[in-house]
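Chains as they are written, first to last, in full-length UniProt numbering: chain A, 1 to 613; chain B, 1 to 613.
All remarks here apply to the structure that follows.
What follows is the structure, encoded as structure tokens:
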């Protein structure tokens, strides 16, 4: 891993391959124009195994053959597809001083110079992946995402059926092999979304749904003092390097419009935002001063930039607010508390709820997917699954049907803080109320008592809720409840959530999931240390931990490790057992003797003389 | 936290209170002679709440009023109780050169000078907690452990019944209040053990069982080069400081006899060992040279020292070995591979299995509890729940009944590497095969692909298996599979497993578990930052993470935090909502209006004029 300067930029983003893997681009049969990224891990020749292909979220940044220049942005791979859809280019809304918090002069972060043509769908025109799917049209994005889900394999993987049968998927229906038609049908059914704003051509398409690999989202936000735009871009690049499938930009304060521009032009993953945050900035941070017009204008502003999904807290209704009064931790969602504050102050229904159909019309024009926010999610074990949370969830179900009728893609946000025994009902109720729209949860945290370790308290809940049917897991870092995550916190948070997502894929019986586990386990048993590092989620950490105790290169081939040393190495002894396979045959006969012995538990010492005697 | 020198020792162990808590000693009503330790966390006066009492494993080391001198050892609190049982003192087995690996001169770690009288039970005499329990006798240890389980509360906690009803305990039967009689009945039924060697008088008794708080074990081992005995004692002290309920000493190599002596004389928690390891050392590390006589002698050696439980791999039978040949990772348990190697070499049944009744007779004499080892546990997702694993488990069930018949206490060790969907059946089968004897599992790890993060891959499995009914969880550190854990790895491993155990207690509906979650959540909502730190599992880390972003003391009372800042603080807005409680009443009326409005989703803009207009 190296961080290199891009010539035309004074700043740095992390580029270069992930330790032990090579970036490969693979085209689905008959689609040379579609190049899907993977990481390929070549194993030691002694393994006599093919390279292991793994899902790759890291974008062009890990391809040494691609020149990165954050000022130019990434190559707009989707541009030709979008053009063929005849979506007209429009003159974008003019940037206003309030979009950047009235930042001026040297305080104003310059706009990203990367070229950006804004498109917009017309009424009656098919724009969203949902509309295409409903019309039976398979888009290039669907073909791309399908190929990705199969980890590049062109056909059904060996034993796929067995693995599916072996797992417990709680009513999900994961196919042995993902076809573009399957992606289409899942999107058409509302069970999956393919977040892809027509104004985000740099996107490498991916699909979010219960019948696909479980995905992970990482949140980033601008620093109070932004020393450089690349520093903000780097947060996104760093998150996807370790496995974030989507990134939410939760920036507040000055320059958010321009920073978002830099992020989007350089983002190969879907970018999500909470437009309410910027709208609030525009009214000086006073919730009651929010208006529909300001919010509406902010939606268009961000949709034209290319944001792929919006968190919309339209489920926080006036009538729900009283339900939160006796909670232990009240309302812990920023968006939820802002809207509850607005409703309370004006004593009227939420403008998001009242104008929901107009919101749909705007988001459909650009194919911005809905992430219906859970503004009333529980912030403590005590408040889990309470009346306020479930009342909002029922409203989200109502809104989901409206958004679908308007041609929009929808996923649903979920809790929060939930003890293990109350997690499953959250998924069951969400699937029922929201017509199986993809569930997107934060954690949940399974206890409140471990600040500093909430990536773990929530990783437990995330693995379980992913297994039960949640499509995407929003990460939590060790700094949750305490402070702002630094670079290392972000990495630990992402890796922890990749663990949760993968554990869920294994338990659901995803046909390709266990390939990697088996490969690393064989490497472990064969003492192929470097292969073990290369196949792990975080090769750098695995290798450095090993080297702390056994630094020398020679030990990379040692047939033991520092835990037991050669004398006590169970795997080494196991190898001797295996080597004596033919003697094993003899054991069968021995077994017979013992059976004939009546399998007596206690054999008098004279009979059971020890070899020493 | 400070590390102080004990005058008569050149070395250091960590002493001093855990941040924000005070050590208290509480006596059960009518038992002034029994003083049970707790930590009491006093909250900010503004909270107007009583102090929160938490379970305390840390021993006298966190009591500033107790002078620690590792040469003198801890006060033998159980000595008077043991004396009243009329267990004769005996001349201990003479220490032999091989006990310390023939270490000589300056290479020989001196024996611990702390006084130690060795006792031993006679035939026909009641010795074990199981024998007393079966005879209907409530021992002081049972009274002590019962008081501990209730977190010092003298009566049933408010809402205990509600919490039990709220949880899902999968057939466990956790009482609203733990009485000494309940502890006795659980031990008598074999559903719980109270590991307490009569030669470990320094022990603070605790109980392990499905109907009690879920416990955590930490493993320690001597360094290749031991610079001091206190360094070895410190590993134990450090583990229990952060919440290890028991500690296993897995030391190998030289000086293990004397180091074990130092650990036991200074250990307030049950100490477990794997006698097979020392026996193997005595035969130069050659498994096939092991003999029953050497093993038997080692059992007596360690039992006299006061080891509270032995891992005995008697379930690895000759006939099981062939079942492991086609595994991806063979045999990954050291003890399992040693015994399989022995069986294979000699082509005969395991001497542990053949001599099991004699092993029981020895362990009963000192009340050493059995931890029946899972020598064939799976070492990879691929090998989970296979024929070898379950064949051994069935044998362990057979051995459990033999040990009970012999008057011994028994718990059963479990896996290993198991995907989430295969965890529950492990508990169900163990409970069925082993007559509900306590289950004691390592993890399980829910995926193989994250070396460097296996405290997390296994913490997920540990929380789940604890919820399903496992009584004690053996920790896994971040160094698992890679190297030897350092001081920080041990702390992270223990805290991670405290999280898993507590999440399990919450989900099972343990009546007292949620008290701490509620207290910390109220502190969070009230912005009592210091209370939040003090109530957390690791106050030092929580506080330091907070201070990284908001260092000033003033911020400890700030009504916001670094994540959102004052403008965006959802909890702050929530407080305004609460403050407007009476206006809430008005909302009810508003709700009626909207209902009368027909709850229409879409309200035309003219009707829904925004306040700005």
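The beta-carbon is built from N, C-alpha and C at its ideal position, and this holds for glycine as well.
Alpha carbon of residue i to alpha carbon of residue j, nearest angstrom
| i | j | result |
| --- | --- | --- |
| residue 106 (chain B) | residue 233 (chain B) | 19 Å |
| residue 41 (chain B) | residue 274 (chain B) | 37 Å |
| residue 366 (chain B) | residue 392 (chain B) | 27 Å |
| residue 15 (chain B) | residue 77 (chain B) | 19 Å |
| residue 362 (chain A) | residue 134 (chain A) | 19 Å |
| residue 264 (chain B) | residue 150 (chain B) | 27 Å |
| residue 479 (chain B) | residue 12 (chain A) | 32 Å |
| residue 118 (chain B) | residue 92 (chain B) | 6 Å |
| residue 179 (chain A) | residue 147 (chain A) | 8 Å |
| residue 475 (chain A) | residue 448 (chain A) | 16 Å |
| residue 490 (chain A) | residue 500 (chain A) | 15 Å |
| residue 128 (chain B) | residue 25 (chain B) | 26 Å |
| residue 158 (chain A) | residue 267 (chain B) | 53 Å |
| residue 95 (chain A) | residue 163 (chain A) | 53 Å |
| residue 160 (chain A) | residue 510 (chain A) | 8 Å |
| residue 288 (chain A) | residue 323 (chain A) | 20 Å |
| residue 46 (chain A) | residue 340 (chain B) | 27 Å |
| residue 97 (chain B) | residue 314 (chain B) | 27 Å |
| residue 594 (chain A) | residue 344 (chain B) | Bear in mind that the predicted position of residue 594 (chain A) carries a pLDDT of just 49, short of 50, making it unreliable; the figure below should be weighed with that in mind. Between residue 594 (chain A) and residue 344 (chain B), the C-alpha separation is close to 14 Å. |
| residue 441 (chain B) | residue 468 (chain A) | 24 Å |
| residue 272 (chain A) | residue 84 (chain A) | 26 Å |
| residue 403 (chain B) | residue 244 (chain B) | 27 Å |
| residue 154 (chain B) | residue 81 (chain B) | 23 Å |
Beta-carbon separation (whole angstroms), residue i vs residue j, contact threshold 8 Å
| i | j | result |
| --- | --- | --- |
| residue 90 (chain A) | residue 49 (chain A) | So it is not a contact: roughly 52 Å between Cβ atoms. |
| residue 380 (chain A) | residue 505 (chain B) | Not a contact, Cβ separation roughly 16 Å. |
| residue 17 (chain B) | residue 62 (chain B) | 5 Å |
| residue 482 (chain A) | residue 545 (chain B) | 4 Å |
| residue 435 (chain A) | residue 401 (chain A) | 7 Å |
| residue 261 (chain A) | residue 111 (chain A) | 6 Å |
| residue 377 (chain A) | residue 415 (chain A) | 4 Å |
| residue 44 (chain A) | residue 576 (chain A) | Not quite, the Cβ-Cβ distance comes to about 22 Å (not below 8 Å), so this is no contact. |
Residue-chain proximity (residue i, chain B), Cβ-Cβ < 8 Å
| i | result |
| --- | --- |
| residue 546 (chain A) | yes |
| residue 334 (chain A) | yes |
| residue 168 (chain A) | yes |
| residue 494 (chain A) | no |
| residue 67 (chain A) | no |
Proximity test, Cβ basis, 8 Å: residue i and chain A
| i | result |
| --- | --- |
| residue 524 (chain B) | yes |
| residue 518 (chain B) | yes |
| residue 157 (chain B) | no |
| residue 502 (chain B) | yes |
| residue 315 (chain B) | no |
| residue 582 (chain B) | Residue placement at residue 582 (chain B) is flagged as unreliable, the pLDDT there being 48, under the threshold of 50; the coordinate-derived value follows with that caveat. Residue 582 (chain B) does not count as touching chain A. |
| residue 257 (chain B) | no |
| residue 467 (chain B) | yes |
Distance cut-off 7 Å: residue i Cβ against heavy atoms of the ligand GTP
| i | result |
| --- | --- |
| residue 469 (chain B) | No copy of the ligand GTP occurs in the structure displayed, which carries no ligand at all. |
* Asked: Which residue spans inside the segment 86 to 156 of chain B form an unbroken alpha helix (DSSP H) run of at least 4?
  -> DSSP runs (the alpha helix (DSSP H)) wholly in the segment 86 to 156 of chain B: 129 to 134, 140 to 149.
* To do: Write down every uninterrupted run of the alpha helix (DSSP H) in the segment 271 to 340 of chain A whose length is 4 residues or greater and which is fully enclosed by it, in chain order.
  => 275 to 282, 292 to 305
* **Segments of 4+ residues assigned as alpha helix (DSSP H) that fall wholly inside the segment 485 to 525 of chain B** => 487 to 508, 514 to 525
* To do: Residues of the segment 29 to 54 of chain B with a CB closer than 8 Å to any CB of chain A: list them in chain order, please.
  => none
* Asked: Closer than 7 Å, Cβ to any Cβ of chain B: which residues of the segment 426 to 454 of chain A, in chain order?
  -> 446, 447, 448, 449, 450, 451, 452, 453
* **Length at least 4, wholly inside the UniProt domain "ThiC-associated" (18 to 86) of chain B: the alpha helix (DSSP H) runs in chain order** => 79 to 84
* Closer than 7 Å, Cβ to any Cβ of chain A: which residues of the segment 225 to 243 of chain B, in chain order? -> none
* Enumerated in chain order, which unbroken segments of the beta strand (DSSP E) with a length of 3 residues or greater are wholly contained in the segment 399 to 485 of chain B? -> 410 to 414, 439 to 442, 472 to 474
* Asked: Relative to chain E, which residues along the segment 380 to 391 of chain B have a C-beta separation below 7 Å, given in chain order?
  -> Of the protein chains in this structure, namely A and B, none is chain E.
* Asked: Which runs of the alpha helix (DSSP H) fall wholly inside the segment 336 to 385 of chain A and span at least 4 residues, in chain order?
  -> Here the runs fully enclosed are 351 to 354, 356 to 366.
* To do: Below 9 Å between beta carbons is the criterion; list the residues of the segment 180 to 195 of chain B that meet it against any residue of chain A, in chain order.
  => none
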